[in-house]
Each structure stands twice: as C-alpha cells, then as structure tokens.
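Chemist:
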Amino acid sequence: MLHARLLRYLDEVARSGSIRKAAAKLNVASSAVNRQIIAFEDEVGTPLFERLPHGLRLTAAGEIIIAHVRKTLKDYKWSSERIDRLRDYRFPSASIATVGGLACDVLSKALMELRAERPFIRLMVSVMDADDIMGVVAAGDFDLGFAFDLPDFGGVTRASSLETRYGAVMLPSHPLAGEPALRLNTLRDYPLIAPRVGVLIRDQFDDACQRNDIQIQPVIESDSFEFLKQFAASNQGIALLNELDIDAPLRSGALVFVPIVELKGKTQTISVVHRTRGALAPLPGLVVERLSDLLEARRGSG
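With UniProt numbering, the residue at position 166 of the sequence shown is 166, and numbering never jumps.
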C-alpha cells in the first residue's frame with residue numbers, strides 16, 4: 001500500500017536520482033528513505049531503481065510506479081485545493097498590504113462597506129513601506145497590495161490604477177481655501193506641514209522650490225500621512241498631501257484640496273495589485289473588484 005510519506009519519498013528519489021539528495025530535500029535521514037524504498041520493493045516483488053555507482057535510475061517497473069505516484073500526488077493536491085476553496089466559501093479571508101494614509105481612509109471605507117454586506121468575512125490589513133509591498137504579494141504572503149507608485153515586479157499583476165494629484169490641504173476656513181490654485185510663493189506666508197525628505201511628494205515639492213528660487217521650511221515633518229492630515233485638520237497649517245489621502249474629509253467638506261501651480265503635471269499612481277500565478281480566491285477577487293470600482297469612480301469625479 002502506498003502511504004503519503006512513501007509517495008513523497010519515491011517521487012523525490014526519482015527526481016534527484018539519489019537517496020542522499022532526496023533525503024536532504026525532504027529533511028529526513030537517508031536511512032529512513034532507503035528503508036522505506038527497500039520495503040516497498042520487497043512488497044511489489046521487483047526493484048524500482050537500478051543502483052548505479054553514481055546514483056539511482058528507474059527500472060521499467062519503477063517508471064510505472066512513479067507515473068502512478070505522481071498522478072496520486074497531483075490528484076491529492078487538486079482535492080486539497082478544492083477543500084480549501086470550500087472552506088474559503090464558508091469563512092472567506094483576504095489579506096492586504098498597504099500604506100498608512102490609504103489604510104486609514106480609502107481602503108477602510110471600501111472594506112467596511114464589504115463587511116456590512118458580508119459579516120462573516122475575515123480581513124487582515126498590514127501597513128508597511130511601499131517598497132516592500134510588491135515583494136510580499138509576489139511571495140504569496142499577502143493576497144493584494146494597494147499603494148502609490150508601486151514599481152513593476154515579476155509575478156505581480158496590476159488589476160487597476162489611477163493617476164492622482166497632490167497639493168495643498170487645509171481647513172475650509174483657511175484664507176487660501178477658496179483659491180482655484182496656489183503658487184509656491186503664496187505658501188511662504190503660512191506654516192507648512194509636509195512629508196519627510198525622501199518621500200516623493202516632498203522631494204518633488206523641494207525640487208519645484210529650488211527651480212523657482214523659493215525657500216519654504218516645513219514646521220512639521222513626518223512619514224505618517226495620517227499624522228500630517230490630523231495636523232491640517234487641527235488648523236496647524238497647510239499640509240502637502242495627495243488628494244486620496246484625504247478622501248473622506250475632502251468629500252465631507254472637513255478639508256479642502258487646492259492644486260499647486262508649480263506641481264502641475266506631477267502625479268502619483270495608485271494601484272491594486274495581486275499575484276500573477278494562480279487564480280485569486282473569491283474574497284480577494286471581490287476586494288480587487290471593489291477597489292477597482294472605487295478608483296474608477298474617483299477617475300470619473302476627478
């Protein structure tokens with residue numbers, strides 16, 4: 001009788017052509033693998049491998065057995081995936097890697113709406129550096145990625161993307177809130193709340209200031225966009241943010257977004273990404289659909 005352990009032993013020995021190499025890959029003792037194979041050869045009454053000076057080679061009987069072994073392993077994997085899929089339909093889950101500002105606003109809104117419709121779903125959202133997101137999605141550690149300016153990455157597919165603007169964010173009561181656009185020299189007269197140096201928005205803002213021979217030193221700097229947004233909402237100054245970072249307060253009227261003339265044409269691209277290999281499970285697929293719809297709606301309203 002072929003047990004699961006023996007199936008793996010036979011398959012790996014046939015692939016490796018060596019009991020020692022197979023045992024190393026399987027992380028078991030060579031003697032254990034050899035003992036199992038000899039016992040099975042005794043059971044079927046014929047050698048499955050030719051013992052050569054530099055390794056093992058399948059006999060004709062071995063070829064027949066290995067074909068059966070690999071079909072059985074393939075069928076088992078298919079059955080396991082079907083069972084996992086059934087489990088996902090009962091208690092579906094999705095994991096999303098994102099960045100801070102989006103997690104607190106756009107993404108949370110989409111996921112709350114989804115949970116209102118499907119209260120039994122399980123969601124895991126992890127905030128990390130944008131530079132790390134493509135790697136964890138490609139590795140299969142997370143189902144989806146959702147962030148700005150994600151680089152091309154092997155094994156990862158972009159499901160949807162949207163170009164978004166960044167500019168000046170302030171309270172509706174701010175003296176500049178009613179302006180259609182602002183110039184950099186106007187911002188010198190007000191406290192600036194900005195991302196730290198090294199963040200794309202900040203670096204392009206500093207480049208624009210340098211080109212126009214203007215010096216503006218932020219009074220508050222942070223790599224937390226939620227932190228910057230809270231300071232703007234507390235009337236601490238004008239924040240330099242992407243319009244999607246303030247999606248909810250922008251739509252409610254709690255904050256105002258005003259473009260900066262010297263940054264015209266400067267955009268960030270927000271993307272929803274997933275692993276290319278294999279089909280998405282039902283819930284991650286639904287999250288992709290919702291986020292893609294959300295970006296499309298912002299495209300239409302922008």
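C-beta: ideal position from N, C-alpha, C; glycine also.
Please classify residue 218: is it buried, with 16 or more other beta-carbons within 10 angstroms of its beta-carbon, or exposed?
Modeler: When all chains shown are included, residue 218 counts as buried.
Chemist: Measure the Cβ-Cβ separation of residue 137 and residue 274 and say whether it is below 8 Å.
Modeler: Contact flag set, yes.
Chemist: Taking all protein chains shown into account, do 16 or more other C-beta atoms lie within 10 angstroms of the C-beta of residue 80, making it buried, or fewer, making it exposed?
Modeler: It is exposed - the Cβ of residue 80 has fewer than 16 other Cβ atoms within 10 Å.
Chemist: Under a three-way DSSP split, which group does residue 33 fall into?
Modeler: Helix.
Chemist: Please go through the stretch 201-273 and give each complete alpha helix (DSSP H) segment of 4 or more residues, from N-terminal end onward.
Modeler: Counting whole runs of 4 or more residues, the stretch 201-273 contains the alpha helix (DSSP H) stretches 225-233 and 247-252.
Chemist: Please report the straight-line C-alpha distance between residue 56 and residue 279, rounded to a whole angstrom.
Modeler: Each residue's Cα considered, the two are about 37 Å apart.
Chemist: With DSSP collapsed to three states, give me the class of residue 125.
Modeler: It is a strand residue.
Chemist: When the Cα atoms are used, what is the spatial distance from residue 53 to residue 74?
Modeler: If I take the Cα positions, the gap works out to 32 Å.
Chemist: Since residue 183 and residue 216 should fall inside the 8 Å C-beta cutoff, what is the C-beta to C-beta distance between them, to a whole number of angstroms?
Modeler: Actually they are not in contact, since the Cβ atoms of residue 183 and residue 216 sit about 12 Å apart, beyond 8 Å.
Chemist: Should the stretch 119-127 be regarded as contacting the stretch 167-179, the criterion being three or more beta carbon pairs within less than 8 Å?
Modeler: The answer is no - the stretch 167-179 does not touch the stretch 119-127, with fewer than three Cβ pairs under 8 Å.
Chemist: Just mark residue 71 as buried or exposed, buried being the case when its beta carbon has 16 or more other beta carbons within 10 Å.
Modeler: Exposed, since its Cβ has fewer than 16 Cβ neighbours within 10 Å.
Chemist: With residue 12 and residue 25 assumed to form a contact (beta carbons below 8 Å), what rounded beta-carbon distance in angstroms separates them?
Modeler: Confirmed, about 6 Å.
Chemist: How many Å lie between residue 246 and residue 255 at the Cα?
Modeler: Computed Cα separation, rounded: 8 Å.
Chemist: Residue 6 lies in the alpha helix (DSSP H); which residues open and close that run?
Modeler: Residues 4-16.
Chemist: Between residue 142 and residue 269, is the Cβ-Cβ spacing less than 8 Å?
Modeler: No, these two residues do not count as a Cβ contact at 8 Å.
Chemist: Distance check for residue 204 and residue 253, CA to CA, integer angstroms please.
Modeler: Their backbone Cα atoms lie some 27 Å apart in a straight line.
Chemist: What does the alpha-carbon distance come out to for the pair residue 198 and residue 250?
Modeler: Distance between the alpha carbons of residue 198 and residue 250: 26 Å.
Chemist: Using a Cβ-Cβ cut-off of 7 Å (strictly less than) and excluding sequence neighbours within five positions of residue 211, which residues of its own chain qualify?
Modeler: None.
Chemist: Should residue 1 be labelled buried (16 or more other beta-carbon atoms within 10 Å of its own) or exposed?
Modeler: Unreliable positioning characterises residue 1 in this predicted model, as indicated by a pLDDT of 48, which lies under 50. The coordinate reading is nonetheless provided below. So residue 1 counts as exposed.
Chemist: How far does the alpha helix (DSSP H) with residue 135 in it extend, from its first residue to its last?
Modeler: Taken as a continuous stretch (DSSP letters only), the alpha helix (DSSP H) holding residue 135 covers 130-138.
Chemist: Nearest CA to the CA of residue 101: which residue from 284, 229, 238 and 47?
Modeler: Checked all of 284, 229, 238 and 47; the closest Cα to residue 101 is 229.
Chemist: Smallest Cα separation from residue 10: which of 177, 48 and 281?
Modeler: If we check each option's Cα against that of residue 10, 48 comes out closest.
Chemist: Assuming residue 97 is part of the beta strand (DSSP E), what are its boundary residues?
Modeler: Taken as a continuous stretch (DSSP letters only), the beta strand (DSSP E) holding residue 97 covers 93-98.
Chemist: When DSSP labels each residue in this structure, what does residue 156 get in the three-state scheme?
Modeler: In this structure, residue 156 counts as strand in the three-state DSSP scheme.
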